[in-house]
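Visitor: In our numbering, the protein residues as written are 1120 to 1455.
1) How would you write the range of the beta strand (DSSP E) that residue 1383 sits in, first residue to last?
2) Could you check if residue 1334 is buried or exposed, using at least 16 other CB atoms within 10 Å of its CB as the buried criterion?
3) Checking the sheet assignment: what are the DSSP bridge partners for residue 1429?
4) For residue 1211, tell me which candidate among 1170, 1176, 1421 has the shortest Cα-Cα distance.
5) For residue 1391, which of helix, strand or coil comes out of DSSP?
6) Closest to residue 1338 by CA distance: which of 1154, 1358, 1132 is it?
7) How close, in whole Å, do the beta carbons of residue 1248 and residue 1317 come, if the pair is a contact with beta carbons under 8 Å?
8) Just to confirm my understanding: we take residue 1417, look at its own chain, exclude 5 residues before and 5 after, and list those with CB closer than 8 Å. What are they?
9) For residue 1355 and residue 1405, which I take to be in contact (beta-carbon distance under 8 Å), what is that distance rounded to the nearest angstrom?
10) Apart from the five residues just before and just after residue 1205, which ones in its own chain have a Cβ nearer than 8 Å to its Cβ?
11) Going by DSSP, which residues form a beta bridge with residue 1317?
12) Among 1381, 1320, 1310, whose alpha-carbon lies nearest the alpha-carbon of residue 1341?
13) Using the Cα positions of residue 1165 and residue 1409, report the straight-line distance between them to the nearest angstrom.
14) Can you check DSSP and say which residues form a bridge with residue 1402?
15) Assign residue 1386 to one of two classes, buried (16 or more other C-beta atoms within 10 Å of its C-beta) or exposed (fewer than that).
16) In the DSSP assignment, the beta strand (DSSP E) including residue 1277 goes from what residue to what residue?
17) Within 10 angstroms of its Cβ, does residue 1437 collect 16 or more other Cβ (buried), or is it exposed?
18) Report the three-state DSSP secondary structure of residue 1152 (helix, strand or coil).
19) Would you check if the distance between the CB atom of residue 1444 and the CB atom of residue 1281 is smaller than 8 Å?
20) Between the alpha carbons of residue 1273 and residue 1424, how many angstroms are there, rounded?
21) If distances are taken between C-alpha atoms only, which option among 1321, 1313, 1320, 1353 comes closest to residue 1336?
22) Determine the DSSP secondary structure at residue 1215, reduced to helix, strand or coil.
23) Can you give me the start and stop residues for the beta strand (DSSP E) that residue 1361 sits inside?
24) Please report the distance separating the alpha-carbon of residue 1412 from that of residue 1175.
25) Cα separation between residue 1289 and residue 1151?
26) Is it buried or exposed, residue 1292, if we count other Cβ atoms within 10 angstroms and call 16 or more buried?
27) Residue 1459 and residue 1253 look like a contact to me (Cβ under 8 Å); what is the Cβ gap, rounded to whole Å?
28) By the DSSP assignment, the beta strand (DSSP E) with residue 1370 in it spans what residues?
29) Can you give me the C-alpha to C-alpha distance between residue 1230 and residue 1403, rounded to a whole angstrom?
30) Does the distance from the C-beta atom of residue 1261 to that of residue 1350 stay below 8 Å?
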């Protein structure tokens, strides 16, 4: 029957069916699998996921906001932090670092990551990463933390591989004098690498992890700066917003191990309305926009290339310091 209807009518019908049921209907026949797969690909929009209970999803090309309830397994009194998103699957962790959960906000599917085996000493100062080495279906969760036994402390890098459902622990990979900025808990994943900004007693740096080979390296920041704002991606490459002593803000992008300036962000310095919000930046979108929290229930979407911005009212009130993530609308099932 559907084969005699125009695609736009068929897609309109499928759009009214809950995502979790579409995944089941794919198994009915080869034509239905092909039809639904094509529909899912057509709906793979980039969205902004704001933390809160419920989650709030913003399509920056639309004025409508979508409310999404977090998984039921999170108690009402628990606060959590968004870490990252890969192919529609979002990773977040409770602020107490006790639980990590994989979640698809568009299908409602959620699975708890098995607990990490205990280390010697008490873990603290945790940062996280979510990505893959060579294949998108070989996802890995990285947790970097300091464990102290009272006399000394050491960095541990714990890696959970979804394919094997197992944790592996690595030590002596990171210098003990390394420090991460307190507001950057989530690493940025780009082309098989995870990145965090940090510093030691001598200099600022960007720490890079080759996810496939589990090798850390240091990257020098862009031209001398007085301040580095959160890392992000721009058109599939690592980027950072630098505050020059001029004073001015600039967008820099890394290409083949070297930095290049993309543009100056004039309004970020001259327009006081948004300049006061940059310190409450929530994330950088790959298309070249910054998500900033202006008030507890107002988000600013600043377009770096056009040097312009728009305001988006949110339903839920949010406190400063929370980070949003960019995710792709997807019906991909969780394989954990």
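Think of the CB as a built atom: it goes at the ideal place given N, C-alpha and C, for glycine as much as any other residue. Computed from a predicted model, the values in this text were never measured in an experiment.
Guide: The structure says:
1) Per DSSP, the unbroken beta strand (DSSP E) holding residue 1383 starts and ends at 1377–1383.
2) The residue is exposed, with fewer than 16 neighbouring Cβ atoms inside 10 Å.
3) Paired residues: 1420.
4) It is 1170 whose Cα lies nearest to the Cα of residue 1211.
5) Of the three classes helix, strand and coil, the one that applies to residue 1391 here is helix, per DSSP.
6) Closest by C-alpha distance to residue 1338, out of 1154, 1358, 1132, is 1358.
7) Approximately 13 Å separates the beta-carbon atoms of residue 1248 and residue 1317; this is outside 8 Å, ruling out the contact.
8) Excluding positions up to five away in sequence, the list reads 1430, 1431, 1432, 1433.
9) Going by Cβ atoms, the distance from residue 1355 to residue 1405 rounds to 7 Å, so yes, they are a contact pair.
10) Around residue 1205, the same chain offers 1249, 1250, 1251, 1255, 1258, 1308 as residues with beta carbons nearer than 8 Å, after the five sequence neighbours per side are excluded.
11) Looking at the DSSP output, residue 1317 bridges to 1299, 1324.
12) Out of 1381, 1320, 1310, 1381 has the C-alpha closest to the C-alpha of residue 1341.
13) For residue 1165 and residue 1409, the gap between their C-alpha atoms comes out near 14 Å.
14) Assignment of beta-bridge partners to residue 1402 by DSSP yields 1410.
15) Burial call: buried.
16) Per DSSP, residue 1277 belongs to the beta strand (DSSP E) from 1272–1280.
17) So residue 1437 ends up on the buried side.
18) Of the three classes helix, strand and coil, the one that applies to residue 1152 here is helix, per DSSP.
19) Result no, Cβ atoms of residue 1444 and residue 1281 do not sit closer than 8 Å.
20) Near 42 Å, if we compare the C-alpha coordinates of residue 1424 and residue 1273.
21) Nearest to residue 1336 by alpha-carbon distance, out of 1321, 1313, 1320, 1353, is 1313.
22) Assigned with DSSP and collapsed to three states, residue 1215 falls in coil, not helix or strand.
23) Residue 1361 -> beta strand (DSSP E) spans 1356–1363.
24) Those two C-alpha atoms are separated by around 13 Å.
25) Rounded to the nearest angstrom, the two C-alpha atoms are 45 Å apart.
26) With fewer than 16 other Cβ atoms within 10 Å, it is exposed.
27) With the chain running from 1120 to 1455 in the structure shown, residue 1459 is simply not present.
28) For residue 1370, the uninterrupted beta strand (DSSP E) run begins and ends at 1367–1374, by DSSP.
29) When rounded, the distance between both Cα atoms is 27 Å.
30) Not a contact, by the Cβ cut-off of 8 Å.
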